[in-house]
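Let me begin by presenting the structure, written as C-alpha cells, before commenting on it.
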Amino acid sequence: MSVTLASEQVGCGRARVAPGRAAVSRLSGVGKQFGDRVVLRDVDLVVPAGAVVGVVGGPGSGKTTVACLAAGLLPPDEGVVELVGRDPWDGGRRPVVGLVPDRVPVSDRLTCREVLLHVALFRGFPPVVAARRVDSLLAVCQLADSAGVVVAECTAGQRLLVRLAATLLGEPRLLVLDDALDVDRWALDVVRAVSREFVATGGGVLCVVGQAWQAAWCDVRLELAPPALRPLDERPRRR
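Using the numbering used here, the letters of the sequence shown correspond one by one to residues 3 to 241.
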C-alpha cells in the first residue's frame, strides 16, 4: 500500500499550515502484518502540526492499524515512524500522544468530574492543579452542566467528550480519534470545535473514521482503499 499526503497549504481555524510545516506524526515506507496477513505495505503519511487529517476506511481496511502506527503505539515491521521528529521506538522518552479510548478509562459509576479527577491525579497533577484543570476541560468540552452526572447515565456523545477531556489532560502533541465520531450532532460539533482549538496551538489531529461524511470537516481527507490511500476528493468545503 502506498500512502502519500501532499504538503499543500490548508486552513485550520486560526492557524495555517504552510508547505514544510513540521510533522507531528510521519510514516515513511511503513509496513505491518499480523501473522501471515499483510495489513499495510509501503505507507507514507504525514500529520502536520496545525492540521486535522482524516482517513476514511471500511471494516478490515487497516485504518485502526494506521492510527496505532501513527500514534507510536504499534511498532512497524518495516519503514520508519516519527513522532515530533523522532523515533518513538528508539528507547528514549516518548512524545505525548493522545489516543481517545473506546471506553471511559475508569469506572463508569463515577461522575464525569470524578472520572477526570481520577485521571488527573493518576497523571501526577497536585490536587489543586488537578481540580482547576478538570474544571477547565469540563468547560472546554461543554460538560460543565454534566459534571455531577454518573457516566453510566450519560449519552454516547457525553461519554465521548469525557474520554476526549481525559485524553487532553495529558497535554498531547498529537490527538488521534479512532472510530470515535458515531455520535449525536451536538457532540460531533464539540469535538470539531475542540480539535480546531487544539490545532490552533500547534498540535495535530488524526481522525480515522468509517464513513466519508464523518471526515467532511477535516482539512485533508484521504480514503484508505488498497492499494492506495488517496485524496477523498479535491472539492472545496464549507467551514
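Even for Gly, the Cβ is constructed at its ideal location relative to N, Cα and C.
{"Item": "Opposing strand residues paired with leucine 177 [DSSP bridges]", "Value": "Gly100, Val207"}
{"Item": "N- and C-terminal bounds of the alpha helix (DSSP H) containing arginine 135", "Value": "129-142"}
{"Item": "Through-space distance from leucine 139 to phenylalanine 2, alpha-carbon basis", "Value": "Coverage of the chain is limited to positions 3 through 241, which leaves residue 2 absent and any answer about it impossible."}
{"Item": "Glutamate 199: first and last residue of the uninterrupted alpha helix (DSSP H) it sits in", "Value": "187-202"}
{"Item": "Identity of the residue in Val151, Ala122, Pro129 nearest threonine 113 by Cα", "Value": "Val151"}
{"Item": "Whole-angstrom C-beta distance between alanine 24 and glycine 87, which should lie under 8 Å", "Value": "7 Å"}
{"Item": "Member of Gln160, Glu80, Ala154 whose CA lies at the smallest distance from the CA of valine 40", "Value": "Glu80"}
{"Item": "Check whether glycine 205 and arginine 161 have beta carbons under 7 Å apart", "Value": "no"}
{"Item": "Straight-line gap, alanine 189 to proline 103 (C-alpha atoms, nearest Å)", "Value": "16 Å"}
{"Item": "Burial state of glycine 56 (16 or more Cβ within 10 Å)", "Value": "buried"}
{"Item": "Segment contact, 8 Å Cβ cut-off, at least three pairs: the stretch 186-202 with the stretch 28-39", "Value": "no"}
{"Item": "Extent of the continuous beta strand (DSSP E) to which leucine 145 belongs", "Value": "Careful: leucine 145 lies outside any beta strand (DSSP E) and carries neither H nor E."}
{"Item": "Element boundaries [beta strand (DSSP E), containing glycine 159]", "Value": "That residue, glycine 159, is in no beta strand (DSSP E); its alpha helix (DSSP H) goes 158-170."}
{"Item": "Proximal residues to arginine 194 (C-beta, below 6 Å), its chain only, five neighbours per side dropped", "Value": "Trp219"}
{"Item": "Buried versus exposed call for alanine 141 [16 or more other C-beta atoms within 10 Å across all chains shown]", "Value": "exposed"}
{"Item": "Arginine 115, enclosing alpha helix (DSSP H) - first and last residue", "Value": "114-124"}
{"Item": "Valine 68 - DSSP class collapsed to helix/strand/coil", "Value": "helix"}
{"Item": "Alpha carbon of proline 78 to alpha carbon of arginine 105, nearest angstrom", "Value": "26 Å"}
{"Item": "Buried versus exposed, by CB contacts within 10 Å (16 or more), alanine 158", "Value": "exposed"}
{"Item": "Cβ pair leucine 85, glycine 64 closer than 7 Å", "Value": "no"}
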